[in-house]
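Below is one structure, written out as structure tokens; comments come after it.
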Amino acid sequence: MFETRTSAAGLSIVSNSVLIAAKLGVGLLTGSVSIIAEAIHSSVDLLASLITFFSLRMAAKPADKEHPFGHGKIENVSGTAEATLIFVAAAFIVYEAVRKLMSGVVLVSIDWAIAVMAFSMLVNFLVSRRLFKISKKLDSIALEADALNFSTDILTSFGVLAGLAVVRITGLDILDPIVAILVAVLIVKAAFDVLRKAYGGLVDVKLPETEENEIVRSVMEHYGQLLGFHELRSRKAGSERDIDLHVVVPRGMSVEEAHKLIDHIEQDIKSKLVNATVSIHMEPCETTCEQCQVLCSLAKSKGVFPEDAG
Numbered sequence: 023m024f025e026t027r028t029s030a031a032g033l034s035i036v037s038n039s040v041l042i043a044a045k046l047g048v049g050l051l052t053g054s055v056s057i058i059a060e061a062i063h064s065s066v067d068l069l070a071s072l073i074t075f076f077s078l079r080m081a082a083k084p085a086d087k088e089h090p091f092g093h094g095k096i097e098n099v100s101g102t103a104e105a106t107l108i109f110v111a112a113a114f115i116v117y118e119a120v121r122k123l124m125s126g127v128v129l130v131s132i133d134w135a136i137a138v139m140a141f142s143m144l145v146n147f148l149v150s151r152r153l154f155k156i157s158k159k160l161d162s163i164a165l166e167a168d169a170l171n172f173s174t175d176i177l178t179s180f181g182v183l184a185g186l187a188v189v190r191i192t193g194l195d196i197l198d199p200i201v202a203i204l205v206a207v208l209i210v211k212a213a214f215d216v217l218r219k220a221y222g223g224l225v226d227v228k229l230p231e232t233e234e235n236e237i238v239r240s241v242m243e244h245y246g247q248l249l250g251f252h253e254l255r256s257r258k259a260g261s262e263r264d265i266d267l268h269v270v271v272p273r274g275m276s277v278e279e280a281h282k283l284i285d286h287i288e289q290d291i292k293s294k295l296v297n298a299t300v301s302i303h304m305e306p307c308e309t310t311c312e313q314c315q316v317l318c319s320l321a322k323s324k325g326v327f328p329e330d331a332g
């Protein structure tokens, strides 16, 4: 699995390197600020891909004495760093576009510019599909951030391509820096999406509602053996999930029976949520009532408490 993650990050590095060389060369040849802006965008993506590559290697390290919960949050740090870099790139693109608008724009060899943007769209499409597939399979926020960058590149490349086509038809070179500014706006939107998701893991935002519902469902399947639950807490660090909750068991239940029940619930949750660490605290019911007595009698009559759950 680790090799799959790093191989995907390596693919991102190679593709960005090729696109930077192509865009920068054609941008300097034609004088197109929108293509130079795309080269800058790809340069930032390359730096982001390098960050992703090394963060995945660090995040894969097992828990140790200094990091008892593992190194998963390094992926969230990576995603946050990528988003910050994208914001910086967008600001630089706007600066260059405004400068071109003020000083004047003259484009040459537009056909080369159109060709390199079409090539860029194809590469970005293929790489983004691959990265999204792997990030979903491995639940990697770092690879997802990388995939989102490539998806944004598809949109920005299309915008530049369309702008250059209009320039080619109309001869209005001034449209080129205007398109570059529109590219920057799309880049900022993508950066915000990446930052929001990555930063959530850094501040221990709870798991999505659908995942917490799976936890509740796993516990509810054992009602009749336990009396209730509360204090459900969850968080995510990279692809690792941390879950803890309290369950209320009948007062007369033995420690062995309660332990078997809790182990069973933990395994149920882990079967539904990958990379989950589950901690369940057992609490006896505060009062002795008929329900507790019935449940304990039932458990003892069966001999085994949780295995007949369902």
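For reference, each letter of the sequence shown is one residue, going 23 to 332 in this note's numbering. For each residue, glycine too, the CB sits at the ideal point set by N, CA and C.
Counting along the chain, aspartate 266 sits inside no alpha helix (DSSP H); it lies in the beta strand (DSSP E) bounded by residues 262–271. Taking leucine 160 as reference, the option from His268, Leu267, Leu194 and Val296 with the minimal CA-CA separation is Val296.
In the three-state reduction of the DSSP assignment, isoleucine 196 falls in the coil class. For glycine 250, the three-state secondary structure derived from DSSP is strand. DSSP places valine 277 in the helix class (H, G or I) of the three-state scheme. Sequence-distant partners of isoleucine 62 (beyond 5 residues in either direction) whose C-beta falls short of 7 Å from its own C-beta, in its chain, are Ala111, Phe114 and Ile115. For serine 150, the uninterrupted alpha helix (DSSP H) segment begins and ends at 132–160.
Residue pairing of lysine 211 in beta bridges, as defined by DSSP: absent, with no partner found. Where serine 301 is concerned, there is no enclosing alpha helix (DSSP H), although the beta strand (DSSP E) around it starts and stops at 298–306. When secondary structure is reduced to three states using DSSP, serine 54 falls in the coil class, being assigned neither helix nor strand.
When only Cα atoms are considered, serine 179 and leucine 107 end up about 19 Å apart. In the structure shown, lysine 228 falls within a coil segment according to DSSP collapsed to helix, strand and coil.
Listed as beta-bridge partners of arginine 257 by DSSP are Asp264.
The way I'd put it, the region 63–71 does touch the region 167–177; three or more beta-carbon pairs between them come closer than 8 Å. Within the DSSP secondary-structure output, tyrosine 245 pairs in a beta bridge with Leu248. Secondary structure at leucine 295: coil, using DSSP grouped into helix, strand and coil. About 6 Å separates the beta carbons of isoleucine 287 and histidine 244, which is inside the 8 Å limit, making them a contact pair. Inter-residue distance for serine 77 and isoleucine 96 is about 6 Å (C-alpha atoms, whole angstroms). Nearest neighbour of serine 29 by Cα position, chosen from Ala44, Phe75 and Ile284, turns out to be Phe75.
Around the beta carbon of methionine 139, 16 or more other beta carbons lie within 10 angstroms, which makes this residue buried. Looking only at Thr192, Val216 and Leu183, the smallest Cα-Cα distance to leucine 204 is reached by Leu183.
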